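Novice: For the working numbering, count along the sequence shown from 1 and bump the result up by 1.
Heads up, the beta-carbon is just placed ideally off N, CA and C, and yes, glycines get one too.
In this text the structure is predicted, and so the values were computed from the model without any measurement.
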Amino acid sequence: MAGVDHLVRTTREQADFCQALGSPLYAALLRRCADDIDAGGPTARVLAGHEDDPGSAATPLRLLGSVHRLVLQGEAPALAAYYPSAGGHAESDGAWLAFRNVLDQQAERLAPLLGQPPQTNEVGRASALAGGLLHLVRERDLPVALHEIGSSAGLNLRADAFWYSAADGTTAWGPPDSPVRLPGAWAGATPPLEAALRIVSRSGSDVAPIDPTSDEGRLRLLSYVWPDQIERFERVQHAIEVARRIPATVEACDAATAVRRLEPVRGQWTVLWHSVMWQYLASDDQAAITQHIESVGATATAAAPLAHLSLEPRRREPDEEPTFLVALQTWPGGAQRILGTGAAHGIPTTWEL
Ligand SMILES: C[S@@+](CC[C@H](N)C(=O)[O-])C[C@H]1O[C@@H](n2cnc3c(N)ncnc32)[C@H](O)[C@@H]1O
Numbered sequence: 002m003a004g005v006d007h008l009v010r011t012t013r014e015q016a017d018f019c020q021a022l023g024s025p026l027y028a029a030l031l032r033r034c035a036d037d038i039d040a041g042g043p044t045a046r047v048l049a050g051h052e053d054d055p056g057s058a059a060t061p062l063r064l065l066g067s068v069h070r071l072v073l074q075g076e077a078p079a080l081a082a083y084y085p086s087a088g089g090h091a092e093s094d095g096a097w098l099a100f101r102n103v104l105d106q107q108a109e110r111l112a113p114l115l116g117q118p119p120q121t122n123e124v125g126r127a128s129a130l131a132g133g134l135l136h137l138v139r140e141r142d143l144p145v146a147l148h149e150i151g152s153s154a155g156l157n158l159r160a161d162a163f164w165y166s167a168a169d170g171t172t173a174w175g176p177p178d179s180p181v182r183l184p185g186a187w188a189g190a191t192p193p194l195e196a197a198l199r200i201v202s203r204s205g206s207d208v209a210p211i212d213p214t215s216d217e218g219r220l221r222l223l224s225y226v227w228p229d230q231i232e233r234f235e236r237v238q239h240a241i242e243v244a245r246r247i248p249a250t251v252e253a254c255d256a257a258t259a260v261r262r263l264e265p266v267r268g269q270w271t272v273l274w275h276s277v278m279w280q281y282l283a284s285d286d287q288a289a290i291t292q293h294i295e296s297v298g299a300t301a302t303a304a305a306p307l308a309h310l311s312l313e314p315r316r317r318e319p320d321e322e323p324t325f326l327v328a329l330q331t332w333p334g335g336a337q338r339i340l341g342t343g344a345a346h347g348i349p350t351t352w353e354l
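1. Following the continuous beta strand (DSSP E) through S276, name the residue where it begins and the one where it ends.
2. Looking at the unbroken beta strand (DSSP E) that takes in T351, where does it start and where does it end?
3. Could you give the first and the last residue of the continuous alpha helix (DSSP H) run that contains G291?
4. List the endpoints of the continuous beta strand (DSSP E) containing Q338.
5. Starting from L62, trace the beta strand (DSSP E) both ways and give me its first and last residue.
6. Once the 5 residues before and after H51 are set aside, which same chain residues still bring their CB inside 6 Å of it?
7. For the pair the stretch 188–196 and the stretch 274–283, tell me if three or more CB-CB distances fall below 8 Å.
8. Have a look at W164, V208, L8 and F234 and flag the residue whose alpha-carbon is nearest the alpha-carbon of R253.
9. Is there at least one non-hydrogen atom of ligand 1 closer than 6 Å to the beta-carbon of V181?
10. Could you check whether the Cβ of R126 sits closer than 6 Å to any heavy atom belonging to ligand 1?
11. Opposite E140 in the DSSP bridges: which residues?
12. Report the rounded CA-to-CA distance for V266 versus S166, giving the unit in angstroms.
13. Which first and last residues belong to the beta strand (DSSP E) in which A35 is found?
14. Would L22 pass as a contact of F100 if the rule is Cβ separation under 7 Å?
15. In the DSSP assignment, what residue or residues form a beta bridge with I200?
16. What span of residues does the alpha helix (DSSP H) with W227 cover, start to end?
17. Using the rule of at least 16 other Cβ atoms within 10 Å of the residue's Cβ for burial, across every protein chain shown, is G132 buried or exposed?
18. Would R219 and I241 qualify as a contact pair, given that the criterion is a beta-carbon distance under 7 Å?
19. Using the Cα positions of S86 and A186, report the straight-line distance between them to the nearest angstrom.
20. Short of 8 Å in beta carbon distance, which residues of its chain neighbour E313, apart from the five on each side in sequence? Order them along the chain.
21. Between the stretch 68–75 and the stretch 8–21, do at least 3 Cβ pairs fall closer than 8 Å?
22. Taking 6 Å as the cut-off, is the beta-carbon of G151 closer than that to any non-hydrogen atom of ligand 1?
23. Can you tell which of Q330, T291 and H239 has its C-alpha closest to the C-alpha of D178?
24. Taking 6 Å as the cut-off, is the C-beta of V5 nearer than that to any heavy atom in ligand 1?
25. Pick helix, strand or coil for T121, following the three-state DSSP scheme.
26. Which residues in the same chain as A289 place their Cβ atom closer than 6 Å to its Cβ, once the five residues preceding and following it in sequence are excluded?
27. Just reading off the beta strand (DSSP E) that E109 is part of, what are its end residues?
28. Between W352 and G341, which are expected to be in contact by the criterion C-beta below 8 Å, what is the C-beta distance as a whole number of angstroms?
29. Keeping to the same chain, check which residues put their C-beta closer than 7 Å to that of M2; ignore five residues upstream and five downstream.
30. Can you pull the DSSP bridge partners for Y165?
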């Protein structure tokens, strides 16, 4: 019974997170799931064997993502009527009845899907990358060789193909006809829009890369986006379209190994970029990566410079709460600056410089 109590508790906690992060539909469904686990209903049967999963396994999100996958595949039409991602209208009472039926009738389909950890690729975080790169090329007008670690599907390796506008509507940047539209992407200071950004290579790596150009990769990416967050959902859909047009590689490789291959190249900015992945690294790997970047930086020259650009939750001062800081460090010299702050899903990036 202790296991069931733990599962009920983690499901309620996840419901609160969903509420706080703007998914009232998932918050309502998870509250019903928690009650249903307690009562030994279909949710308890589908999650049998997962009662002692650690919180880090995000079992409630695995369940939601697995059911969303069935919706997106057209295998749960009654529930689709309540999922905005499938053209439906969110309404929690009706959604719960349909959700419960899916659990009751498709338990065997769901069991293997629960083994997959949730994985997302947040397109909104490109707002920090694109603005950061503009700062960089203003500093030295060179083409950019972009290297990303923890890329997931590598959607943001195409950040220069997305369209961004300031929260006050006064400025915009990027191809006006881009399908990826990020209105309100930037607040605060205006990034140097006059700087000429030319990305000449795009390579990423991840321990579990997703191929956004495959049907399976597309389904996997979309199923973990919360269905009542339609803007996020559409951003991923449109970024997949862009990814099908603009090639980039995402290799299966851990970050510490990928960083060991970094080498400054004459006539280019070599840029190492990452977003919301640092917390998943072992502390030994974090230290090894930091040390390696410093030693590669020591070999950088004005003609072959290096930059480290990141959007990660960090403390600005030891006694402050972590916030999503956009940080840029460049070599030669190793000058480090905080360019601004972001948000969990990237938008807006509030520029300080
Ligand atoms: C929260 S996701 C962020 C993905 C992407 N950077 C974004 O902002 O949308 C974290 C990513 O880090 C990857 N990851 C976790 N540990 C890793 C490691 N040791 N080396 C490389 N990637 C890792 C995960 O597979 C996942 O794709």
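Specialist: The answer reads as follows:
1. That run of the beta strand (DSSP E) goes W270 to S276.
2. Its beta strand (DSSP E) spans residues T350 to W352.
3. Checking the displayed sequence, the identity of residue 291 turns out to be Thr instead of Gly. T291 -> alpha helix (DSSP H) spans S284 to T300.
4. Checking the sequence, you will find Arg at residue 338 rather than Gln. Going by DSSP, R338 is part of the beta strand (DSSP E) stretching over A336 to T342.
5. Taken as a continuous stretch (DSSP letters only), L62 belongs to no beta strand (DSSP E), being part of the alpha helix (DSSP H) at T60 to L73.
6. Taken in chain order, the residues that qualify are T60.
7. No, the stretch 188–196 does not touch the stretch 274–283.
8. At residue 253 the sequence reads Ala, which differs from the Arg that was named. Ranked by Cα distance from A253, the first of W164, V208, L8 and F234 is V208.
9. V181 Cβ: outside cutoff for every heavy atom of ligand 1.
10. Within the cutoff, so yes.
11. For E140, DSSP records no beta bridge to any residue.
12. Roughly 32 Å between the two C-alpha positions.
13. No beta strand (DSSP E) contains A35, which is instead part of the alpha helix (DSSP H) from P25 to D39.
14. Not a contact, by the Cβ cut-off of 7 Å.
15. V145.
16. That residue, W227, is in no alpha helix (DSSP H); it is neither H nor E in DSSP.
17. So G132 ends up on the buried side.
18. Result yes, Cβ atoms of R219 and I241 sit closer than 7 Å.
19. S86 and A186 have their C-alpha atoms roughly 22 Å apart.
20. H275, S276, V277, M278, W279, Q280, F325, L326 and A328.
21. Because the criterion of three Cβ pairs below 8 Å is not met, the stretch 68–75 and the stretch 8–21 do not touch.
22. It does: the Cβ of G151 is within 6 Å (strictly closer) of some heavy atom of ligand 1.
23. For the options Q330, T291 and H239, the alpha carbon positioned closest to that of D178 is the one of H239.
24. False, no ligand heavy atom lies under 6 Å from that Cβ.
25. Correct three-state label for T121: coil.
26. Once the five neighbours on either side are set aside, the close Cβ partners of A289 are A257.
27. Annotation for E109: no beta strand (DSSP E) segment contains it, though the alpha helix (DSSP H) segment containing it runs A108 to L114.
28. Rounded, the Cβ-Cβ distance is 4 Å, consistent with contact.
29. Because M2 carries a pLDDT of 48, less than 50, the predicted location of this residue cannot be relied on, and the following value inherits that uncertainty. Within the same chain, and ignoring the five residues on either side of M2 in sequence, no residue has its Cβ closer than 7 Å to its Cβ.
30. Assignment of beta-bridge partners to Y165 by DSSP yields W174 and L183.
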